[in-house]
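Protein sequences appear in the order of chains A and B.
Going by the numbering used here, the first residue of the first sequence is number 1, and it counts up by one from there.
Going by the numbering used here, the first residue of the second sequence is number 67, and it counts up by one from there.
Here the structure is laid out as structure tokens; the discussion comes afterwards.
There are 2 protein chains.
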Amino acid sequence: MENNLKTLRGEKGWSQAALGDQLDISRQSVNAIETGRYDPSLPLAFKIARLFDMKIEDIFDDSGAD
Amino acid sequence: MENNLKTLRGEKGWSQAALGDQLDISRQSVNAIETGRYDPSLPLAFKIARLFDMKIEDIFDDSGAD
DNA sequence: TGTCTATGTAAAGTTAACTTTACTATTTAT
DNA sequence: ATAAATAGTAAAGTTAACTTTACATAGACA
Chain A
1 MENNLKTLRG EKGWSQAALG DQLDISRQSV NAIETGRYDP SLPLAFKIAR
51 LFDMKIEDIF DDSGAD
Chain B
67 MENNLKTLRG EKGWSQAALG DQLDISRQSV NAIETGRYDP SLPLAFKIAR
117 LFDMKIEDIF DDSGAD
């Protein structure tokens, strides 16, 4: 699933590691999500949306779904 | 994580099995999500929201998060 | 030059989200 | 009464979302 995370993180000036700290996940997990290697769990998606004060649907794009 | 799925499904008059068919998951998975035994994946949450024409945030309640 | 920070990726392990099969219990209808 | 549909749960297996550790690359800077 595609997402805006890299852009949103860039606007905040945060490194992947700094974002991972705020989300309580590893920087590798941040990288994997940003590069689309896997999708976050639903609780993590909520946490990401809360951090950026956005809706899940405004960060993650599921339009290419089955 | 809590959710409205049982109520929404009831309003449509669908069984857990019928909902599972529409979501391409087993009725046991529907049951587990409804009873809060586990959370759906993010792609499945999108699929559920699309089916009921709602936002993920209006179906799933993450207020009790870490 | 060498070091530090940031990023990307890989391997190996754990956990949670799924699956199928199966058993039980309750309701509804014939 | 009995059969059928629905719901809840459990056990065992698979897959995907995480973890830690590690290695490689590129850019900034003393």
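We treat Cβ as the ideally placed atom computed from N, Cα and C, and that holds for glycine.
Original post:
Using 8 Å as the limit for Cβ to Cβ distance, is residue 52 of chain A near chain B?
Top reply: Position 52 of the first sequence, counted from the start, is the residue given in the question as residue 52 of chain A. Cβ-Cβ to chain B under 8 Å: no for residue 52 of chain A.
Subject >> the region 26-46 of chain A / the region 86-103 of chain B touching (three or more Cβ pairs under 8 Å) >> reply: Not touching, per the Cβ criterion.
**OP:** Leaving out five residues on either side along the sequence, give the residues of the same chain with a beta carbon under 7 Å from the beta carbon of residue 49 of chain A.
**Re:** Sequence index remark: in the first sequence, residue 49 of chain A carries index 49 (1-based). Cβ neighbours of residue 49 of chain A beyond the five flanking positions: 55, 56 and 59.
Original post:
Can you find a C-beta in chain B that's less than 8 Å from the C-beta of residue 41 of chain A?
Top reply: Indexing the first sequence from 1 puts residue 41 of chain A at position 41. Yes, contact with chain B.
Subject >> Cα-Cα separation between residue 78 of chain B and residue 92 of chain B, rounded to whole angstroms >> reply: The residue you call residue 78 of chain B lines up with position 12 of the second sequence. The residue you call residue 92 of chain B lines up with position 26 of the second sequence. Roughly 18 Å separates the two Cα atoms.
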